[in-house]
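Worksheet for the structure shown next.
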Amino acid sequence: MQVILLLAGFAALLKGADLLVDGAVGFARRFHIPTLVIGMTIVAFGTSAPEAAVSITAAMEGNSAISVSNIIGSNLFNLLAVGGICALIRPLTVKRISVIRDYPFHLVITAALLVMFCDPFLGTGAPFLSRGDGLILLLLMGMYMYMNIKDGMGGDGHEEPAENISVPKSLLFLVLGLAGVIVGGRLVVDSSTVLARMMGISDTLIGLTVVALGTSLPELVTSAVACRKGEADLAWGNIVGSNIFNILFVLGFSALLSPIGIDMLSIYDTAVLLIVSVLVYLAAAPAKKISRPIGGAMLAAYLVYAVYIILR
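Under the working numbering, the first residue of the sequence shown is numbered 33, with each subsequent residue one higher.
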């Protein structure tokens, strides 16, 4: 039965991602909105729903370790694994606006998060995200949304002609697609967890592998499908937008609900996230492109880090 549910979950993921990409592209072209903007907002926020559910629930239950580690782990997976796999499918061309604004914004908020975590090193007490920190993150989220709405209203003036897809149909595809990737991802995680326990795998290892991967499956499948369809802007926007949403909204809202205690491992992982984010930027910015060799290196780096996480 669990195997059937696992296969059904993957089927829902794939079909949902297919509909989500078609709906997002159709909606963008109907209203002359850059697909990068759609990827960094509607698609990114939708595919980040599993991370939001896990982290906000954990924060409400007082389990701050899961709340933070889930977000940092997902962001590392999104950037290195999802970005790497997409580049291997088809080299990712990164638009100038992403090089000079969107990705640097991602770097700045990751660095800001690390500073917020570093209370012991700054002599201000135990590490935690206060409600004030959460409010700052949410205000930055508002600024990020304003930038994207402004871009969306302005359009980019050189989108391809709209395909023969109506607005209601595009919205239906968006809703059904988001439902498919979220429900499919949940089925995959639940059935995989049961199967892993049947094989005697520990809950700790399950949490570090199956659950961590499962919450990022929507981003992975949606971005991979977008790449296969030649929608690099949508794929890259989904990756960067999801990471921004995870930090600013999910952690910001979680901290506003209840201050979040931070352990030293989360501080180290956030430092790693910042370092690899800078390295990816330095590798991709000059040519405005993530080539297959760079993508392969990103994926290899994630696999090495995943092994380290499991063994530490």
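For every residue, glycine included, the Cβ atom is placed at its ideal position computed from N, Cα and C. Keep in mind it's a predicted model, so treat the numbers as computed, not measured.
I292 and L161 have their C-alpha atoms roughly 5 Å apart. For P136, the uninterrupted alpha helix (DSSP H) segment begins and ends at 135-149.
In the DSSP assignment, G41 falls within the alpha helix (DSSP H) that extends over 34-62.
Burial of L145 is indicated by the presence of at least 16 other C-beta atoms within 10 angstroms of its C-beta. Less than 7 Å separates the beta-carbon of N270 from that of S255.
In the DSSP annotation of this structure, the continuous segment of the alpha helix (DSSP H) that includes P325 starts and ends at 324-343. Here L38 really is in contact with V220; their C-beta atoms are around 6 Å apart, less than 8 Å. Within the segment 236-281, no complete beta strand (DSSP E) segment of 3 residues or longer occurs.
Within its own chain, the residues whose Cβ lies closer than 8 Å to the Cβ of C150, once the five positions on either side in sequence are excluded, are P159, I299, listed in chain order. Looking at the backbone, the Cα of A49 and that of L206 are separated by about 9 Å. Judged by beta-carbon spacing, T125 lies beyond the 7 Å limit of A267, meaning their Cβ atoms are not closer than that value. Bounds of the alpha helix (DSSP H) holding G116 are 115-121. Approximately 15 Å separates the beta-carbon atoms of I307 and A316; this is outside 8 Å, ruling out the contact. For S87, the enclosing alpha helix (DSSP H) begins and ends at 81-92. Looking from the CA of D183, the closest CA among V100, S99, I70 belongs to I70. As the crow flies, the alpha-carbon of L335 is around 16 Å from that of A119. Ranking L52, N102, P123 by CA distance to the CA of A319 puts P123 first.
With contact defined as three or more Cβ pairs closer than 8 Å, the segment 127-137 and the segment 337-344 are not in contact. F77 and L169 have their C-alpha atoms some 16 Å from each other.
Separation of the CB atoms of V304 and V253 is rounded to 25 Å, and the pair is thereby denied contact status at 8 Å.
Straight through space, the alpha carbons of G164 and V114 are spaced by roughly 32 Å. Apart from sequence neighbours up to five positions away, the residues of its chain that approach L331 with a beta-carbon distance below 8 Å are L112, A113, G116, I117, L120, ordered along the chain. Judged by DSSP in its simplified three-state form, K182 adopts helix. Taking C-beta separations shorter than 7 Å and ignoring five residues to either side along the sequence, the partners of L167 in its chain run L288, following chain order. G327 and R260 have their alpha carbons spaced roughly 15 Å apart.
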